[in-house]
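In full-length UniProt numbering, the protein residues as written are 1 to 91. Shown next, in structure tokens, is the structure this report addresses.
What follows is the structure, encoded as structure tokens:
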């Protein structure tokens, strides 16, 4: 766990494939057809509802920012798109 590392400041940003950090997505996923996510059918809400609570003694950024020692840091699990805005599909 990051909280046990010997650093004054620890910042955690979920990656775009760390789906368990997105509670809303996971709730929708377990209701859907599991053709693309066969392992999702085995998940129970208690497996992902409090995953962020496992992060202790650190700063977790999800579509948010923090200023640390004069550095402004923004964190998002979604990488910026290289697709032009006119060609992006809305979720």
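Backbone N, C-alpha and C fix where the C-beta goes; we use that ideal spot for every residue, glycine too.
So, is residue i buried or exposed, given that buried needs 16 or more other C-beta atoms within 10 angstroms?
| i | result |
| --- | --- |
| residue 27 | exposed |
Got a sec? Which residues, its chain only, sit under 8 Å from residue i by beta carbon, not counting five neighbours each side?
| i | result |
| --- | --- |
| residue 18 | 77 |
| residue 69 | 9 |
When DSSP builds the beta bridges, which residues end up paired with residue i?
| i | result |
| --- | --- |
| residue 61 | 13 |
| residue 71 | 68 |
Using C-beta distances below 7 Å, list every residue in its chain close to residue i, excluding the 5 sequence neighbours before and after it, in chain order.
| i | result |
| --- | --- |
| residue 72 | 65 |
| residue 60 | 12 and 52 |
| residue 63 | 76 |
State the CB to CB distance for the pair residue i and residue j, rounded to an integer number of angstroms; the pair is presumed to be in contact (CB under 8 Å).
| i | j | result |
| --- | --- | --- |
| residue 58 | residue 2 | 4 Å |
Is any heavy atom of the ligand GDP found at a distance shorter than 7 Å from the C-beta of residue i?
| i | result |
| --- | --- |
| residue 13 | With respect to small molecules bound, the structure shown includes none, and the ligand GDP cannot be examined in it. |
Can you list, in chain order, the residues of its chain with a C-beta nearer than 6 Å to that of residue i? Leave out the 5 residues immediately preceding and following it.
| i | result |
| --- | --- |
| residue 75 | 13 and 61 |
| residue 56 | 3 |
| residue 91 | Confidence at residue 91 is low in this model, with a pLDDT of 48, below 50, so the placement of that residue should be treated as unreliable; the coordinate-derived value is given next. If we look at residue 91 and ignore the five residues flanking it on each side, it has no Cβ neighbours. |
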